[in-house]
Structure formats: structure tokens, C-alpha cells
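**Q** Chains as they are written, first to last, in UniProt numbering: chain A, 1 to 361; chain B, 1 to 562. Think of the CB as a built atom: it goes at the ideal place given N, C-alpha and C, for glycine as much as any other residue. Have a look at the structure that comes next, please.
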Amino acid sequence: MSTTKKFTAAALAAGLGLVTLSACGSSGSGGGDADSKTVTLVSHDSWAASKSVLEDFEKQSGYTVKVLKDGDAGQAVNKAILTKDNPQGDVFFGVDNTLLSRALDNGLFQPYEAKGSGLIRPEYQVDRAKHRVTPIDSGDICVNYDKKYFADHKLDPPASFGDLVEPRYKNLLVTENAATSSPGLGFLLGTAAEYGDKGWPDYWKKLKANGVKVVDGWEQAYNQEFSGSAGGKKAKGDRPLVVSYASSPPAEVIYASPKPKTAPTGVASGTCFRQVEYAGLLSNAKNTKGGKALLDFLVTKEFQEDMPLNMFVYPVVKGAQVPAEFSEFGPAAKSPETLAPAEIADNRDQWVKSWTSLVLK
Amino acid sequence: MDLARTEVEPPARKGLSRGSAARLGLMALPVAFFGVFFAYPVAAIVARGLKADGAWQWGRIGDVLAQSGIQHVLWFTTWQAFASTALTLLIALPGAYVFARFDFRGKQVLRAVVTVPFVLPTVVVGTAFLALVGRGGLLDELWGVRLDTTVWAILLAHVFFNYAVVVRTVGGLWAQLDPRQEEAARMLGASRFAAWRKVTLPALAPAVAAAALMVFLFTFTSFGVVQILGGPTFSTLEVEIYRQTSEIFDLATAAVLTIIQFMAVGAILAVHAGTVRRREAALRLVDASMTARRPRGAGQWALLGAVLATVAVLLVLPLAVLVQRSFDAPGGHGFAYYRALTHDDGGTFLVAPITAIGTSLQYALAATAVAVLIGGLAAAALTRRDAGRLVRGFDALLMLPLGVSAVTVGFGFLIALDKPPLNLRGSWILVPLAQALVGVPFVVRTMLPVLRAVDERLREAASVLGASPWRVWREVDLPMVRRALLVAAGFAFAVSLGEFGATVFIARPDNPTLPVAVARLLGRAGDLNYGQAMALSTILMVVCAVALLLLERVRTDRTGEF
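Structure, rendered in C-alpha cells:
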């Protein structure tokens, strides 16, 4: 029996050792919550910033920034809500107007008015009374078109939502599932803003009759189905219209080598829905002082002007410069559709449900 | 299950209590591992969804099941799993025969190649598969057939992913069945078909059943394939759990669906455990190298040709498309995308994408070490044929992570492992641990048949002569299973490399693994991002293929299931 006992003891010891070892790993390499010199930013996969800009912040403030990219936008918000009692970081960036109420209703953020928030354009300020969130960037979800296709077919690209149901654009548009994709949802919300709670189902019936194709995510739509993108060309995509972002055409130029003189794609400027992304100080943040300093930094001109070429979004503070590539290859939408976060919160689930049974079934 | 019970149980020995105590000792670590890193996190997230004010809301199960949308999901999940399994068997069984009984040039390489899809993440190959069956794909160019967003694309992709399961499970055993038994039957006057039906088929049936059940399990819980190829109209239980958790944030519905999937997977695994035991029942097995020979006659050459053609079109072609696209850089620069991988773009990754290779290898090595330790101990505990019902249940339990949604495990990790002494949330070790969960079943399934084939009398003799259990294992078992251990480790390694679902939830931003890096690159517009994604996919594929080729070299005489 003694050997057996020894064996059991050894196995248990090995087990505990493994756990302890990994626990050590956590306190050594990760976390850093207790360390007041580190401030942790939790965001989604699309977060990107220039190294030099973050280093500037570190130099000025004395904090070291740790970034935690936590899945796609929806996932990151949900994870932050799940872990709000013991958050993974101090500041969360990347909740947009379509998900904002979910975050606020769940008490994700604590109030803090960032220094310099007075410069933020007033139309983006939604939580002005409590300052739980600070607007950081905006972007437009718009129909993109393949310039070559429309030139070859001597056809004008569509300009508005109304155009998309015209017979001359039959079987040309591909969009994303509104239930699973954020541009898909944005496009649905855009039509709801344009045609109203009563009118949008009718519009979608026409769109369906006009041969709109729905795929699950942005990647399939943009890289597979759309004939104008680099990926879509390789995949021999045959839809010259896709729901994407107003910043996709400049991205097609910036991420190409050699760089073309003009973007291969354009934006149908009357089909846009404005997305605004917010950041906030997490309710149970360990390093609130560092978190506040980071929030202050996110609305500085330096950070705001760094964002466009990293995340392909527009700044929200007055006076921040937009890079030339943006104005040249993807001018901002003229009058994008918007909806108040509260209106989105009240209707989103019901609209998505009706949309699903109307368009997918 | 009944058949399994007719196995002759060895008479109870005096040493039984000692034996079972040793077994409990061996099982302590695997049980602790699964308890802490699987059962506890999953239970935590299910409880989060189904518990309100401290009371379980079991009534929610009925509510969820009553929804017609959910019923449709359940129906489609089951239906497509049956169809995929049938189609996979239909296409892969001739392959299993060819790999088992024919000797031809490049067989080892080909066996490694057909296994590559199985260990590659769907995010990588889903894209390539579209190039075969989607618009502008090969079928489209030849016959104008487009299968994307149809159920056929899903079914074919399932064949693509699971071909290796059938070839390795069934073919592995088929190669070791003594052909002389069938010949003897024919000499005694049986027709060719009767001889096959009476001799080979019964010996093979449990392996076919085991392979079919594994394919059924993998297709029942299919996620990436259905998401990428199925379009928005098709949804499996696994996809629905993801949607409810990650998009809609309806944790109650997700919890109910998780419980349903758990029960279904448990049932599949229980049946599987039964067939596996039947398979391991005494069969006259011979060295695989003795049974394979060069094809003879037009019929056999035609069969070989047909199988090779199927493999070329269905398995090699999608992979080739990936490679081709990775070199298809503008201006004819063959390696432009690969060179771009070495640049730090400062934004998306914080590091040059190429570093993902090193990260992936490190994680996979750590995951392999954990999987081999845990799986090896579990297999050793499960070896004895006098294993009780509890232990047999444990066998099936170890397979459960293969059938549980990665998003459930990932969210579970997030809320369960965040407090001391288990504050692992910020730790790199979480990724290898999650990957090891998926690797352990492969280690167990590879080791177990080999361990069980070790003659128990050898162990008894050693222990009568005074050897400690550790010494018995070192002197008797280890020399016999060393090769199986290598195969198990190699498979765990390849599976860890390709693991995506759980990794994506917990991978750190500054050090993404290969599949995570590919997914991030695919998520951005622009030629360079797309090309880099293809180049990284190709690298991942080559690494997996090399690992699998090395495996082919150390294959044991008596192979396990994979």
C-alpha cells in the first residue's frame, strides 16, 4: 500500500505544482492589476494605435499601458459585462451606439468627465448628465461599390437607399446578417432610421425582391462576394455592391503595394449609418487614477489624429485633422442616418427578429 | 453496450483493492485537471445563465425548447450530422481500404496530407473551400455549379475535415486484419463476398462504428464550417450557442442549449465507448506492413485511381488554393506577402505577424506537455480490463471537451478562473491549458489500445518479482508504448497548433497564435492584409503537415485510433 500512497501523493503534488506554476505565471506576466503604474485598456480586436503615440502617453503620465484585445466588438462588450465585478482592466474602449444601452444598463462604467471633453462635437455626447462614457471615434457603415463594374457597364453607382431597390441594381448587393454582424445591423438600422419603424420592413421586401444576398459576416461579404475588394477579386466575387465602411476605400489604397492612384471602390454616400464608439472607466477598475489619465489621453488631439489610419475611423474632437487619404479616397458621408442609443435599445431585438423572418426565412 | 458486457471479466484477484487504489492515484491528476479547467468553468457559465436569486430556473428549458426557431436548429443540427456522417463514410471508406491494403509510392506523405485538414482551423480552410465550391471556384468554372450557402457546401466541407478520421480509425485496423483469415474462408468454399461479410466485416464493424460516431460528434458540434459556408440560413446548436452568448447575450438560452448539447454529446460518447471496447476485443492482428501489397489487376488500379482522384479534388485542391493565393502578390512578387509578415505595422498586432509562429509553437509545446501528462496518466488508469463502470465512464468523460462549445468554455474560464488561488485570467498558461483540453482525448485514444494490448501477465510477473508500480510501468509498459506516446504527442501538438475556438477567447493581444493572427488579418480590408492571411495560413499548414509527416515515421505497429 505504501507505494500506492506514494504514487497518489506524487500525482497530487504534480497536479498542485501545475496549478501553482500557472498561478505564478499569472502574477508574473499577466494581470498587473495591483500595480498602480500600469493601466489596462480592454478593447476589441480592431483596436490599433501607433506605438509612438502610446509611448508619448507613457512618458507624459508615467503609466505603462497594457492593451487587452478581447474578441469582436459584441464579444468584447459581453465579456466586459460578465467580468464587471472583477474587471480585466481599467478602461474599456469600443462600445458603440448599437450596444451602449446594454453596457450602461448593466452598470459597466463609473462616471468620469474626461479633461478636454468640451472639445468633443456635441452630437456625439449622449450621456452628458452622468458622463459614464466618452465618445472617442465615429465611423460610417455604407454601401461600397466596385468602380470598375459600374464604369464597364456604363451605369451610375447607387446614391441612396431608394436606389438600391431599383431594377437596374438587381442582384448586385451583398450584405451581412443583421443578427450576427455589426455592419449588417448598422445597415438595418440605417434603413429603419430612413423609413421608420413602420416602413423599413416594406423596404426590405423590395430589397429582397431585387435580389439582395445575405451572408453571415463582413469577411465573407467583403473578401468573397464583393467584386471590388482585393480579396474579392481573387475570390472572383461577382457582387459589385457591398455593405462595408466609409473608410474601406482608403484602406484598399493604403494596404496595397504598389499603391494605386485612386481607390478601386467608392462609397454610396446616401446609404450611411453612423456608428459612434465610446470609452469609459470600468466600475470596479483597480487603477482609477491611471484609467482617468488614459481617458483624458484618448480625447487629446494627438490620439485623435492617430486613430484614422490605425482603426479607419474619424476623430470626434473639433479641430482634429483627418488624413489626406481619407478625404481623397473616402470622403465622409454627407448626412448619415443616426438613431439614439435608447431608441436602438428599445427596438434592436424586435427589429432583428422581424428582419430575420422577413429576409432569411 | 451489451456486447461489451459479454467480454469475459477476469476473476477478481486479491490484489484488486491495491490495483484500484493505484488507479485512483493515477486518476487524481486527470480528474483534478478536468474538474478545474473544464467542469467548473462550464458549470459556472451555465449557472450564470440559469440561476436567478440563487434558485435554478429549470422551467427555462421548456420555454427555450418550445421556440420554433430552436426546434429548427435542433432538427437541422441532427439532420446535417447524419447526412455528413453518411457522406463521409461513403467517400472515405474506399480510401481506408486503399490506405490499408495497397502499397504505393508516396503513401506516407499522402496519409499525412489527408490529415492536415483535420488539424487546421476552419477559419483558414473555410476560405479555401469556398474557392472550390463557391462562385468562380473550380466547380463553377467547369460546370457552372455553385454550392456556397447551400447545404452541400457544408456536407462536402465536413467530408474534407473528417476524411482522416475514417481513414485513420478504420484503415488503421483494416491494415492489421490478417488477410489469410478471409483466404481460409474462401478455400473452404465461401464466395468472395460471403468471406468478406463473415470474416472481415464483423472484425471491422466496431471500427467503422467508432469512426462514424466520431464524425457524427464533430459534425453535430460543427461551428466554423456552418458559419462560413452555410450562410445565415443554416444554424447548428453550436452556432446558436455562440450567437446567444456572444451576440445576443441571452445567457439563459445559451445555458439551456449548452445543457442540451451536453446531453446529446454524452449519449454519443457513451455509445462510442461501447463500440471502442468491442473494437479492442481480441482480434488476430498482424503487422500492417505484411498486409499491404501493390495493386493487381485493372479493378484494383481503378479503385486506387478513383481514391487518389477524390483526395486530389476534395482535399488537396482547397489547400492548394490557399498556397496559390499566398504567392499571388501584385507585380508578380512571389514572396511579397511573406516578406510583409516580418513588418511590425504597429497597429493591428503590436508585433510583426511572423512572431505568431513562435508563439504558436511555444503554446503548442506547452499544451502537448500538459496533454501527454494528463492523457498518459488517464490512459494508464484506464488500461486495466477490470476497470469498473466508474472508470469506463471516466473514459467517455475525457472526450467531452471535444463536444462542448468553445465559447462556453471560454466564457466559463473568464468568470471562473479569476480569483486566487486560480487567478489565471491574465496568464499565458490559459491558452495551452485550453488547447490541452482538446488534446487529451487524442492522447487517450492513441495510448489506450496500445496499453491494453500489453500482456497483463508481464505486469503481474514484474510485480510478483517485487517491482513497484512505477517500475512496472517503466520497465514493461514504457518500452512498448514509447512510439504510441510519440504519436499521441505529435497529434496533440498538431491539434493545439490549429485550435482556434477556445484560443481566440483567451489569446493575449500582444502574442496571437497563428489561427488568431489569420482571423485578425482576414478581418481587415485591403490586399496586403488578405495576402498576409493566406501566407500565414500556408505557413500553419506546412507546420502541421511536417508534424504529421514525422508522425508517419514513428507510427506504431498497432495503431491507436488516430
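Kindly provide the ranges of any alpha helix (DSSP H) runs that are 4 or more residues long and lie completely inside the stretch 85-131 of chain B, ordered along the chain.
**A** As far as the stretch 85-131 of chain B is concerned, its whole alpha helix (DSSP H) runs of at least 4 residues are 107-119.
**Q** Give the DSSP bridge partners of Pro160 of chain A, in chain order.
**A** For the purposes of this step, residue 160 of chain A is taken as residue 160 along the first sequence, with counting starting at 1. Per the sequence presented here, residue 160 of chain A reads as Ser, with Pro not at that position. Ser160 of chain A is bridged to A:Gly270.
**Q** Just to confirm before moving on: does the CB-CB distance between Ile81 of chain A and Leu189 of chain A stay below 8 Å?
**A** For the purposes of this step, residue 81 of chain A is identified with residue 81 of the first sequence, where counting begins at 1. For the purposes of this step, residue 189 of chain A is identified with residue 189 of the first sequence, where counting begins at 1. No, they are not a contact pair.
**Q** So the candidates are B:Arg105, B:Leu213 and B:Asp148; which of them puts its Cα closest to the Cα of Thr78 of chain B?
**A** Position 78 of the second sequence holds residue 78 of chain B. Residue B:Leu213 is the option with its Cα nearest to Thr78 of chain B.
**Q** Please return the same chain residues whose Cβ sits closer than 7 Å to the Cβ of Ala96 of chain B, not counting the five positions on each side in sequence.
**A** One-based indexing of the second sequence puts residue 96 of chain B at position 96. Contacts found: Val166, Val167, Val170, Gly171 and Trp174.
**Q** Write down the C-beta distance between Val497 of chain B and Val543 of chain B rounded to the nearest angstrom, noting that I regard them as a contact closer than 8 Å.
**A** Taking the second sequence and counting its residues from 1, the one referred to as residue 497 of chain B is at position 497. Taking the second sequence and counting its residues from 1, the one referred to as residue 543 of chain B is at position 543. This sequence places Leu at residue 497 of chain B; Val is not what is there. That pair is a contact at about 6 Å.
**Q** When the Cα atoms are used, what is the spatial distance from Ala366 of chain B to Ser360 of chain B?
**A** Counted from its first residue, the second sequence places residue 366 of chain B at position 366. Counted from its first residue, the second sequence places residue 360 of chain B at position 360. Spanning the two alpha carbons is a distance of roughly 10 Å.
**Q** Ignoring anything shorter than 3 residues, give me the beta strand (DSSP E) runs that lie fully in the stretch 125-210 of chain B, in order along the chain.
**A** Qualifying beta strand (DSSP E) stretches: none in this window.
**Q** Give me the chain B residues within the contact set of Gly74 of chain A, using Cβ-Cβ distance strictly less than 7 Å, ordered along the chain.
**A** One-based indexing of the first sequence puts residue 74 of chain A at position 74. Near Gly74 of chain A (Cβ distances below 7 Å), the residues of chain B are Ser246 and Glu247.
**Q** Can you look up Gly74 of chain A in the DSSP assignment and give me helix, strand or coil?
**A** Position 74 of the first sequence holds residue 74 of chain A. Reduced to three states, the DSSP call for Gly74 of chain A is helix.
**Q** Assuming Lys270 of chain A and Pro157 of chain A are in contact, meaning their beta carbons sit under 8 Å apart, how far apart are those beta carbons, in whole angstroms?
**A** The residue you call residue 270 of chain A lines up with position 270 of the first sequence. The residue you call residue 157 of chain A lines up with position 157 of the first sequence. A quick correction: the sequence has Gly, not Lys, at residue 270 of chain A. About 11 Å separates the two Cβ atoms, so there is no contact after all.
**Q** Just to check my reading of the structure: Met447 of chain B and Val476 of chain B have Cβ atoms closer than 8 Å, yes? What is that Cβ distance to the nearest angstrom?
**A** Within the second sequence, residue 447 of chain B is the residue found at index 447, counting from 1. Within the second sequence, residue 476 of chain B is the residue found at index 476, counting from 1. With a Cβ gap of about 15 Å, Met447 of chain B and Val476 of chain B do not count as contacting.
**Q** For Lys261 of chain A, is the beta carbon positioned less than 7 Å from some heavy atom of the ligand PLP?
**A** The ligand PLP is absent from the structure shown, which contains no ligand whatsoever.
**Q** To the nearest angstrom, how far is it from the Cα of Arg101 of chain B to the Cα of Leu319 of chain B?
**A** Start at 1 with the first residue of the second sequence, and residue 101 of chain B comes out as number 101. Start at 1 with the first residue of the second sequence, and residue 319 of chain B comes out as number 319. Approximately 26 Å, taken between the alpha carbons.
**Q** Taking the C-alpha atoms as reference points, what is the distance between Leu430 of chain B and Ala416 of chain B?
**A** As a position in the second sequence, residue 430 of chain B is number 430, starting the count at 1. As a position in the second sequence, residue 416 of chain B is number 416, starting the count at 1. Roughly 12 Å separates the two Cα atoms.
**Q** Short of 6 Å in beta carbon distance, which residues of its chain neighbour Asp238 of chain A, apart from the five on each side in sequence? Order them along the chain.
**A** The residue given as residue 238 of chain A occupies position 238 in the first sequence. These residues qualify, in order along the chain: Ser227.
**Q** Determine, using beta carbons only, whether Phe411 of chain B and Ala434 of chain B come nearer to each other than 8 Å.
**A** Taking the second sequence and counting its residues from 1, the one referred to as residue 411 of chain B is at position 411. Taking the second sequence and counting its residues from 1, the one referred to as residue 434 of chain B is at position 434. In this structure, Ala434 of chain B does not lie closer than 8 Å to Phe411 of chain B by Cβ.
**Q** So which residues of chain A does Tyr40 of chain B contact, with C-beta pairs closer than 7 Å?
**A** Residue numbering aside, residue 40 of chain B sits at position 40 when the second sequence is read from its first letter. What Tyr40 of chain B touches in chain A: nothing, since even the nearest Cβ is about 12 Å away.
**Q** Could you confirm whether any beta carbon from chain B is found closer than 8 Å to the beta carbon of Lys205 of chain A?
**A** Taking the first residue of the first sequence as 1, we reach residue 205 of chain A at position 205. Not an interface residue.
**Q** In whole angstroms, what separates the C-alpha of Ala23 of chain A from that of Asn423 of chain B?
**A** Locating residue 23 of chain A in the first sequence gives position 23, counting from the first residue. Locating residue 423 of chain B in the second sequence gives position 423, counting from the first residue. Because the pLDDT at Ala23 of chain A is just 40, under 50, the model does not fix this residue reliably, and the value given afterwards should be weighed accordingly. When rounded, the distance between both Cα atoms is 6 Å.
**Q** In this structure, does DSSP put Ile354 of chain B in helix, strand or coil?
**A** To locate residue 354 of chain B, count along the second sequence from 1; it is residue 354. Note: Ile354 of chain B maps to coil in three-state DSSP.
**Q** On the DSSP letters alone, give me the boundaries of the alpha helix (DSSP H) that Tyr112 of chain A sits inside.
**A** Within the first sequence, numbered from 1, the residue matching residue 112 of chain A stands at position 112. Taken as a continuous stretch (DSSP letters only), Tyr112 of chain A belongs to no alpha helix (DSSP H), as it is neither H nor E.
**Q** If Tyr330 of chain A and Ser247 of chain A are in contact, beta carbons under 8 Å, what's the gap, nearest whole angstrom?
**A** Working through the first sequence from its first residue, we reach residue 330 of chain A at position 330. Working through the first sequence from its first residue, we reach residue 247 of chain A at position 247. It should be pointed out that residue 330 of chain A corresponds to Gly in this sequence rather than to Tyr. Confirmed, about 6 Å.
**Q** Thr8 of chain A by DSSP, collapsed to three states: which one?
**A** One-based indexing of the first sequence puts residue 8 of chain A at position 8. Since pLDDT at Thr8 of chain A reaches only 43, below the 50 mark, its modelled position is unreliable, and the value read off the structure follows with that caveat. DSSP places Thr8 of chain A in helix when its eight states are reduced to three.
**Q** Check each residue of the stretch 219-242 of chain A: if its Cβ is closer than 8 Å to any Cβ of chain B, include it; give the result in chain order.
**A** Within the stretch 219-242 of chain A, the residues whose Cβ lies closer than 8 Å to some Cβ of chain B are Glu219, Gln220, Tyr222, Asn223, Gln224, Glu225, Ser229, Ala230, Gly231, Lys234, Ala235, Lys236, Gly237 and Asp238, listed in chain order.
**Q** Let me check understanding here. Comparing Cα to Cα, which of B:Met399, B:Leu251, B:Asp455 and B:Trp428 lies closest to Pro30 of chain B?
**A** Working through the second sequence from its first residue, we reach residue 30 of chain B at position 30. Answer by Cα proximity: B:Met399.
**Q** Using the beta-carbon of each residue, which ones in chain B are nearer than 7 Å to Val322 of chain A?
**A** As a working note, residue 322 of chain A is residue 322 in the first sequence. What Val322 of chain A touches in chain B: nothing, since even the nearest Cβ is about 17 Å away.
**Q** Name the residues in the stretch 293-307 of chain A whose C-beta lies less than 8 Å from a C-beta of chain B; which are they?
**A** Here the close residues number zero.
**Q** Between A:Val243, A:Pro308 and A:Ala221, which has its C-alpha nearest Ala235 of chain A's C-alpha?
**A** Counted from its first residue, the first sequence places residue 235 of chain A at position 235. For the residues A:Val243, A:Pro308 and A:Ala221, the minimum Cα distance to Ala235 of chain A belongs to A:Ala221.
**Q** Report buried or exposed for Pro341 of chain A, applying the criterion of at least 16 other Cβ atoms within 10 angstroms of its Cβ.
**A** Counted from its first residue, the first sequence places residue 341 of chain A at position 341. Buried, because 16 or more other Cβ atoms sit within 10 Å of the Cβ of Pro341 of chain A.
**Q** Determine the contact status of Thr219 of chain B and His272 of chain B, defining contact as a CB-CB distance below 8 Å.
**A** Reading the second sequence from its first residue, position 219 is the one you call residue 219 of chain B. Reading the second sequence from its first residue, position 272 is the one you call residue 272 of chain B. No, the pair does not count as a contact, with Cβ atoms beyond the cut-off.
**Q** Can you look up Phe442 of chain B in the DSSP assignment and give me helix, strand or coil?
**A** The residue given as residue 442 of chain B occupies position 442 in the second sequence. If DSSP states are grouped into helix, strand and coil, Phe442 of chain B belongs with the helices.
**Q** From B:Ala92, B:Val256, B:Thr291 and B:Pro420, pick the residue whose C-alpha is nearest to that of Trp58 of chain B; which is it?
**A** Residue mapping note: residue 58 of chain B aligns to position 58 of the second sequence, counting from 1. Nearest C-alpha to Trp58 of chain B: B:Val256.
**Q** Quick one: is Ala525 of chain B near chain E, going by C-beta distance under 8 Å?
**A** Of the protein chains in the structure, A and B, none is chain E.
**Q** Within 10 Å of its beta-carbon, does Asp209 of chain A have 16 or more other beta-carbons around it, so buried, or fewer, so exposed?
**A** In the first sequence, residue 209 of chain A corresponds to position 209, counting from 1. It should be noted that the sequence gives Ala, not Asp, for residue 209 of chain A. When all chains shown are included, Ala209 of chain A counts as exposed.
**Q** Anything in the stretch 246-272 of chain A with a Cβ closer than 7 Å to a Cβ of chain B? List those residues in chain order, please.
**A** Those would be Ser248, Ala251, Glu252, Ile254, Tyr255, Ala256, Ser257 and Pro258, in chain order.
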